Structures are given as structure tokens and as C-alpha cells.
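A.B. asks:
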Amino acid sequence: MPPVTFGQQQATTASGKSVFLFNDGTWFYADSVPLFGIKPLGISGLEIPKTGAKEKIISHTGFSLSYNEKHEQANWVAYELTKEETNKLFDRTDKFIPDPKVRSKTSTDKDYKNSGYDRGHLAPASDMGWSAASMAESFYYSNMSPQEPGFNRGIWKRLEEQVRNWALQNNAVFVVTGPVLSDGLPTIGSNKVSVPTFYYKVVLDYTEPGIKSIGFIMPNFGTKDPLQKYAVSIDSVEQLTGIDFFPQLPDDQEALIEKTVCTKCWEWGGAEERMQPQSQQKKPASTSAQCSGITKAGNRCRNNTLNVNGYCHLHQAQTGGGPAPAKDTYRAPTQKSSSAVQCSGTTKAGKRCRRMTTSASGRCYQH
Numbered sequence: 014m015p016p017v018t019f020g021q022q023q024a025t026t027a028s029g030k031s032v033f034l035f036n037d038g039t040w041f042y043a044d045s046v047p048l049f050g051i052k053p054l055g056i057s058g059l060e061i062p063k064t065g066a067k068e069k070i071i072s073h074t075g076f077s078l079s080y081n082e083k084h085e086q087a088n089w090v091a092y093e094l095t096k097e098e099t100n101k102l103f104d105r106t107d108k109f110i111p112d113p114k115v116r117s118k119t120s121t122d123k124d125y126k127n128s129g130y131d132r133g134h135l136a137p138a139s140d141m142g143w144s145a146a147s148m149a150e151s152f153y154y155s156n157m158s159p160q161e162p163g164f165n166r167g168i169w170k171r172l173e174e175q176v177r178n179w180a181l182q183n184n185a186v187f188v189v190t191g192p193v194l195s196d197g198l199p200t201i202g203s204n205k206v207s208v209p210t211f212y213y214k215v216v217l218d219y220t221e222p223g224i225k226s227i228g229f230i231m232p233n234f235g236t237k238d239p240l241q242k243y244a245v246s247i248d249s250v251e252q253l254t255g256i257d258f259f260p261q262l263p264d265d266q267e268a269l270i271e272k273t274v275c276t277k278c279w280e281w282g283g284a285e286e287r288m289q290p291q292s293q294q295k296k297p298a299s300t301s302a303q304c305s306g307i308t309k310a311g312n313r314c315r316n317n318t319l320n321v322n323g324y325c326h327l328h329q330a331q332t333g334g335g336p337a338p339a340k341d342t343y344r345a346p347t348q349k350s351s352s353a354v355q356c357s358g359t360t361k362a363g364k365r366c367r368r369m370t371t372s373a374s375g376r377c378y379q380h
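Going by my numbering, the residue at position 22 of the sequence shown is 35; the numbering climbs one at a time, nothing skipped.
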């Protein structure tokens with residue numbers, strides 16, 4: 014298998030941190046830039062996670078899923094969302110029906126009625142508006158999971174809108190999303206539909222020039238927190254769910270892509286901006302220009318950008334004008350302690366969190 018190559022050199026600092034070195038003397042931590050130089054391969058069904066021997070994949074027009082009969086919902090729902098597919102041609106059907114391809118039968122209207130939970134889409138209906146069939150199938154109960162109304166209509170919806178924006182910006186993204194299922198979850202209805210405590214979503218931009226990925230783990234309750242607060246690496250989602258995402262990637266690519274999370278590499282807020290009146294929306298520059306940012310070596314950045322503020326994604330921190338910050342703008346990830354300790358966070362029930370963490374802050378990802 015050919016090695017992964019980059020347009021820059023990779024090195025390790027004395028403290029063990031991985032960095033990329035550029036020809037102009039600049040450098041960045043390896044987890045703060047997209048992965049340049051990886052040549053995408055034409056892989057059919059790239060979005061499908063690794064499945065067990067007894068696990069059956071159900072394919073619909075716009076998405077595929079693995080159904081969990083014990084919890085009466087999907088383990089995961091996976092699909093590719095292209096730029097063209099974000100063009101909505103068909104309205105919501107709002108007709109919730111059992112999935113005819115699930116032989117063991119799915120949940121029903123009665124399970125959710127008066128439960129206090131929304132029938133939360135895993136593959137959003139708004140991602141399926143490119144086809145009448147895909148829109149109708151997005152309302153199958155196999156694509157539903159019990160979600161707190163504040164979560165379903167709030168931060169989960171914001172994340173769905175953000176993913177559509179990324180599909181527009183990057184031409185296509187691969188998405189896998191679902192509930193975090195485990196024993197002992199509360200249930201609703203006569204079919205005992207499990208109510209997840211957490212949901213996850215992983216997104217892969219597998220297009221040139223800069224490949225990138227990002228994951229999210231979100232608690233099932235409403236919050237006005239920014240989406241970035243819940244961003245994690247795909248490796249982190251795999252550890253929590255036990256699901257192997259994007260197994261068809263070459264092993265060397267998969268290892269690099271899934272351990273890297275770069276929030277600065279993704280554009281944020283585009284979905285919210287599109288909902289503003291057109292007169293208030295920021296328009297991108299019509300032509301690219303050299304970035305106005307200053308590198309660590311004191312030179313002007315050589316990247317070109319279409320951003321109206323004149324700074325590329327690596328130098329957004331310098332948009333306030335003036336000289337470059339005195340301290341390194343691109344800090345290393347939070348250092349981990351040498352041993353795991355019990356999280357010092359407090360749960361909604363007022364008890365101390367039972368999770369173990371190696372974070373120097375003493376708190377797990379949830380807190």
C-alpha cells in the first residue's frame with residue numbers, strides 16, 4: 014500500500030507533539046490543520062461502518078442503516094450528502110410509518126404518543142429533499158429515535174443545518190449518525206423503545222485539497238451551547254460506541270483521519286447566516302486575495318482566501334488587525350494527565366460524574 018504523502022514535512026517536538034513544517038518556516042500542530050496531500054480514492058459505500066456477522070444493513074434511496082431490535086431503533090444511519098442533494102425539491106411528508114424492510118417490525122406511533130419525546134430524525138428530512146422516495150423513507154420509524162424536544166428542535170437541528178452547509182462548501186460529505194445505545198436505558202411505549210442519553214454524528218470531507226473529519230457527542234437535552242463544544246475526534250466516537258467508522262479507508266489514511274479533529278478547518282455559522290435576510294448576509298469576495306495574516310516567522314501568509322475579512326482559515330485569530338499576537342495563536346490540544354481520575358463534573362441529578370478521564374482539567378468530555 015503506498016504511503017500517505019503530505020505537501021509538508023511532519024516532525025515530532027521534544028515534548029512528543031506532532032507538527033507539520035512548511036517551507037516558509039511556519040509550523041502548526043498536526044491536529045490544527047486539514048490533511049493535505051492525501052489522494053482520495055473512489056470507494057463505493059465509503060460511509061458504511063464495519064458490521065458484525067449477524068448485523069444486516071438495510072438500504073434505502075437516500076441512506077443505509079443497521080437496525081437494533083433490542084432498542085427498537087438504528088445503531089447507525091449513514092449516507093453521502095452531495096452539494097446537489099442539498100437542493101430541496103420535495104417538501105416534508107410528515108407521514109411516519111414502519112419500515113417495511115425491517116422484518117422484526119419497528120416502533121409505531123403509539124410508542125411515542127404522550128411520551129414527552131419527539132420522533133427525532135437520524136437522517137434529517139431536510140437532507141433527503143432531493144427525491145420524493147428519499148423524503149418519504151426518511152419518515153420510517155427505523156430512522157427515528159426518542160429525543161428531548163429542546164434537543165431535537167435546538168442544537169441537534171443546528172448541527173444538521175451545519176452539516177448541510179459543509180456539503181455545500183466541500184461538494185460532498187459522508188455522514189454517520191445515531192444514538193449511543195447501552196443496557197439499562199429508560200424506554201417508552203409497549204415496544205420498549207430505548208431513550209438514549211447521548212447521540213453522535215461523524216462527518217468526513219474526503220475531497221481535495223484538504224481532507225478533514227470531525228465527530229460530535231451530544232447529551233439528549235436542550236442547550237444553547239455552541240456546536241464546537243461537543244466536537245471530538247472520530248476515534249473518540251468509536252471508543253464510546255464500539256462502532257468502526259469508515260473501515261474501507263486504507264489503514265494509514267484511516268489512522269490519520271480519525272485521530273485528527275480540527276475545528277478551525279471547518280466553517281461555522283453558515284446555516285444560521287442563511288436564515289438571515291439577504292441584505293444582512295455576508296457575501297464572499299468575488300476574487301481570491303493573498304491572506305493578510307502574519308506567520309510565526311514574521312512573514313506574510315502565502316495562502317489565498319475568498320474570506321471577506323482578508324484572512325485565511327489559519328489566521329482568523331488575527332482579524333482584529335495590528336501585528337501578530339505575541340503568543341502562539343495555534344496552541345496544542347489540552348494536555349492529558351499521566352493517569353485517569355474520576356471526573357469532577359456534576360450530573361443533572363446533582364451527583365458526581367462516574368466517568369474516568371485523563372484530561373488535565375479533571376473533567377470528561379461531557380463536563
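Using N, Cα and C, we set each Cβ at its ideal position, and we do this for glycine too. As the structure is a computational prediction, the values presented were derived from the model and not from experiment.
Since W179 is in the alpha helix (DSSP H), which residue starts that stretch and which ends it?
C.D. replies: The residue you call residue 179 lines up with position 166 of the sequence shown. Taken as a continuous stretch (DSSP letters only), the alpha helix (DSSP H) holding W179 covers W169 to N183.
A.B. asks: What is the DSSP secondary structure of V186, reduced to helix, strand or coil?
C.D. replies: Taking the sequence shown and counting its residues from 1, the one referred to as residue 186 is at position 173. Strand.
A.B. asks: How many whole angstroms separate the CB atoms of D265 and I201, which I take to be in contact at a CB cut-off of 8 Å?
C.D. replies: By one-based count along the sequence shown, residue 265 stands at place 252. By one-based count along the sequence shown, residue 201 stands at place 188. At roughly 44 Å, the Cβ-Cβ gap does not stay under 8 Å, so D265 and I201 are not in contact.
A.B. asks: Rounded to whole angstroms, what is the Cα-Cα separation between N81 and N88?
C.D. replies: Counting from one through the sequence shown, the residue named residue 81 turns up at place 68. Counting from one through the sequence shown, the residue named residue 88 turns up at place 75. When rounded, the distance between both Cα atoms is 6 Å.
A.B. asks: CB E85 to CB V208, shorter than 7 Å?
C.D. replies: Reading the sequence shown from its first residue, position 72 is the one you call residue 85. Reading the sequence shown from its first residue, position 195 is the one you call residue 208. Contact: no.
A.B. asks: Kindly indicate which three-state DSSP category Q160 falls into: helix, strand or coil?
C.D. replies: Sequence index remark: in the sequence shown, residue 160 carries index 147 (1-based). Note: Q160 maps to strand in three-state DSSP.
A.B. asks: For the putative contact between N184 and K96, defined by C-beta atoms under 8 Å, what is the C-beta separation to the nearest angstrom?
C.D. replies: For the purposes of this step, residue 184 is taken as residue 171 along the sequence shown, with counting starting at 1. For the purposes of this step, residue 96 is taken as residue 83 along the sequence shown, with counting starting at 1. Confirmed, Cβ separation roughly 5 Å.
A.B. asks: Is the CB of C304 under 7 Å away from at least one CB in chain D?
C.D. replies: In summary, chain D is missing from the structure at hand, where a single protein chain is found.
A.B. asks: Can you tell me whether DSSP reads I270 as helix, strand or coil?
C.D. replies: Residue mapping note: residue 270 aligns to position 257 of the sequence shown, counting from 1. Looking at I270 - three-state DSSP - the assignment turns out to be helix.
A.B. asks: For H134 and Y154, what's the separation of their Cα atoms in angstroms?
C.D. replies: By one-based count along the sequence shown, residue 134 stands at place 121. By one-based count along the sequence shown, residue 154 stands at place 141. Taking the straight line from one Cα to the other gives about 9 Å.
A.B. asks: Give a yes or no on whether the C-beta atoms belonging to I70 and Q261 are separated by under 7 Å.
C.D. replies: Translated into positions along the sequence shown, residue 70 becomes position 57. Translated into positions along the sequence shown, residue 261 becomes position 248. Against a cut-off of 7 Å, the Cβ pair of Q261 and I70 comes out as no contact.
A.B. asks: Please state the DSSP three-state secondary structure of M369.
C.D. replies: Taking the first residue of the sequence shown as position 1, residue 369 is located at position 356. Strand at M369.
A.B. asks: Using three-state DSSP, classify T99 as helix, strand or coil.
C.D. replies: By 1-based counting over the sequence shown, the position of residue 99 is 86. Of the three classes helix, strand and coil, the one that applies to T99 here is helix, per DSSP.
A.B. asks: Give a yes or no on whether the C-beta atoms belonging to D248 and K272 are separated by under 7 Å.
C.D. replies: Residue 248 sits at position 235 when you count from the first residue of the sequence shown. Residue 272 sits at position 259 when you count from the first residue of the sequence shown. Yes, the Cβ-Cβ distance between D248 and K272 is below 7 Å.
A.B. asks: Taking 6 Å as the cut-off, does the CB of Y125 come closer than this to any heavy atom belonging to the ligand GTP?
C.D. replies: Absence of the ligand GTP is noted for the structure shown, with no ligands found whatsoever.
A.B. asks: Measure from the alpha carbon of G75 to the alpha carbon of each residue in P53, T308, A180 and G142, then state which is nearest.
C.D. replies: Position 62 of the sequence shown, counted from the first residue, corresponds to residue 75. Selected option, being the one with the closest Cα: G142.
A.B. asks: For I270, I'd like the list of residues in its chain whose CB is within less than 6 Å of its CB, leaving aside the five on either flank, ordered along the chain.
C.D. replies: Counting from 1 along the sequence shown, the entry for residue 270 is found at position 257. Around I270: S226.
A.B. asks: Mapping the DSSP letters down to three states, classify L78 as helix, strand or coil.
C.D. replies: Position 65 of the sequence shown, counted from the first residue, corresponds to residue 78. If DSSP states are grouped into helix, strand and coil, L78 belongs with the strands.
A.B. asks: Just the C-alpha distance for C325 and T276, rounded to the nearest angstrom, thanks.
C.D. replies: Here residue 325 refers to the residue found at position 312 when the sequence shown is read from its first residue. Here residue 276 refers to the residue found at position 263 when the sequence shown is read from its first residue. Rounded to the nearest angstrom, the two C-alpha atoms are 14 Å apart.
A.B. asks: If I follow the unbroken beta strand (DSSP E) through K123, where does it start and stop?
C.D. replies: On the sequence shown, residue 123 is found 110 positions in, with the first residue counted as 1. Element bounds for K123: not the beta strand (DSSP E) but the alpha helix (DSSP H), D122 to Y125.
A.B. asks: Thinking A136 and N156 are a contact (beta carbons under 8 Å), I'd like their distance in whole angstroms, please.
C.D. replies: Residue mapping note: residue 136 aligns to position 123 of the sequence shown, counting from 1. Residue mapping note: residue 156 aligns to position 143 of the sequence shown, counting from 1. About 6 Å; that satisfies the 8 Å criterion.
A.B. asks: Would you kindly work out how many angstroms separate the C-alpha atoms of Q291 and Q160, rounded to a whole number?
C.D. replies: To locate residue 291, count along the sequence shown from 1; it is residue 278. To locate residue 160, count along the sequence shown from 1; it is residue 147. Here Q291 scores only 44 on pLDDT, less than 50, and its place in the model should not be relied on; the value that follows carries that caveat. Cα-Cα distance, rounded: 32 Å.
A.B. asks: Can you tell me whether S2 is buried or exposed? The criterion is at least 16 other CB atoms within 10 Å of its CB, across all chains shown.
C.D. replies: For the chain, the structure presents residues 14 to 380; residue 2 sits outside this window and is missing.
A.B. asks: Whose CA, out of T254, Y219, D196 and C304, lies closest to the CA of L94?
C.D. replies: The residue you call residue 94 lines up with position 81 of the sequence shown. Closest option to L94, Cα to Cα, is Y219.
A.B. asks: Determine which residues share a DSSP beta bridge with H73 and list them.
C.D. replies: Locating residue 73 in the sequence shown gives position 60, where the first residue counts as 1. Partner(s): none; H73 has no beta bridge.
A.B. asks: Does DSSP put R315 in a helix, in a strand, or in coil?
C.D. replies: Against the sequence shown, residue 315 aligns to sequence position 302. Coil.
A.B. asks: Suppose you measure from the CA of E280 to the CA of W179; what does that come to, to the nearest Å?
C.D. replies: Counting from one through the sequence shown, the residue named residue 280 turns up at place 267. Counting from one through the sequence shown, the residue named residue 179 turns up at place 166. Taking the straight line joining both Cα atoms gives about 7 Å.
A.B. asks: Can you give me the start and stop residues for the alpha helix (DSSP H) that L253 sits inside?
C.D. replies: As a first step, residue 253 must be located in the sequence shown, where it is residue number 240. I247 to T254 is the span of the alpha helix (DSSP H), which, as asked, contains L253.
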